[in-house]
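Numbering (my numbering), first residue to last: 3 to 272. Just below is one structure, and these are the notes that go with it.
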């Protein structure tokens, strides 16, 4: 039998491995508690809720001293009889130019439109343009031609009323997009499409005035004379307009100067 081999076991090997593990673990940086807390905060940031600031109500535009002086004794809640309302409006006017007496009429519906012949002209000269056969002898300020239509198409508007014969409506249709929004497009309902141009022009020159509600609101705004006209004349103009409209269509009326506060009209006084 041969001599038995003796295996030498190195007890230091496990110890060396253990030391090596400790050295490797010691190479890792230590994380302090505060750093750990910061990492936690970074990982899950807090969601801040924005608090909306309450909106401040709009400030009312300050009135002039003249306006305040005129209105200090004005009763806003009072419905004034017609003549008293007109006299009050005259006192409330503070324009440096010759202003108008204006009526603001709340109606039952929109789409109200027509013509009224006021007994006393409002003093404002209307610029009338006429198109068609007889335009030159109609008495209008301008006899319109095809060149005039081209000028309108370029934006030249130097008239207040357009009257025409039916034959010219197809030509005026080219500028309907310009005249329509301004309320100047001829319409058979207000007498601006006619075969008798002279009669139509004379009617407007004599005080015939168009009234109509706003496109999106049941209200009519209309000048009924100059502020310095006699009260009796202004009263007659207002009565004529309201009678033309009819009681059932009129809900409320206020009168005002071109510049100045308004007063409520007592409809039972008419």
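Where is the CB? At the ideal position from N, CA and C, for every residue including glycine.
In three-state DSSP terms, what is residue 103?
-> Translated into the one-based positions of the chain shown, residue 103 becomes position 101. Reduced to three states, the DSSP call for residue 103 is strand.
Give me the Cα-Cα distance between residue 224 and residue 157, rounded to the nearest whole angstrom.
-> For this step, residue 224 is matched to residue 222 along the chain shown. For this step, residue 157 is matched to residue 155 along the chain shown. Approximately 25 Å between the Cα atoms of the pair.
Taking C-beta to C-beta, are residue 112 and residue 251 nearer than 7 Å?
-> Numbered from 1 along the chain shown, position 110 holds the residue referred to as residue 112. Numbered from 1 along the chain shown, position 249 holds the residue referred to as residue 251. Cβ atoms of residue 112 and residue 251: not closer than 7 Å.
Three-state secondary structure assigned by DSSP to residue 115 | Taking the first residue of the chain shown as 1, we reach residue 115 at position 113. The answer is strand: DSSP assigns residue 115 an E or B state.
How long is the line joining the alpha carbons of residue 324 and residue 195, rounded to whole angstroms?
-> Any property of residue 324 remains undetermined from this structure, which presents the chain solely from 3 to 272.
Relative to the C-alpha of residue 271, which residue among 84, 257 and 212 is closest?
-> Counting from one through the chain shown, the residue named residue 271 turns up at place 269. Nearest option by C-alpha distance: 84.
On a CA-only basis, which of 70, 135, 240 and 235 is nearest residue 197? Give me that one, please.
-> Residue mapping note: residue 197 aligns to position 195 of the chain shown, counting from 1. Answer by Cα proximity: 135.
Short Cβ contact (7 Å threshold) for residue 262 with residue 103 | Counting from one through the chain shown, the residue named residue 262 turns up at place 260. Counting from one through the chain shown, the residue named residue 103 turns up at place 101. No, they are not a contact pair.
At which residue ranges does the stretch 202–266 contain complete beta strand (DSSP E) runs of 3 or more residues, listed in the order of the chain?
-> 210–214, 221–228 and 252–259
Between the beta-carbon of residue 133 and the beta-carbon of residue 166, is there less than 7 Å?
-> Reading the chain shown from its first residue, position 131 is the one you call residue 133. Reading the chain shown from its first residue, position 164 is the one you call residue 166. Yes, these two residues count as a Cβ contact at 7 Å.
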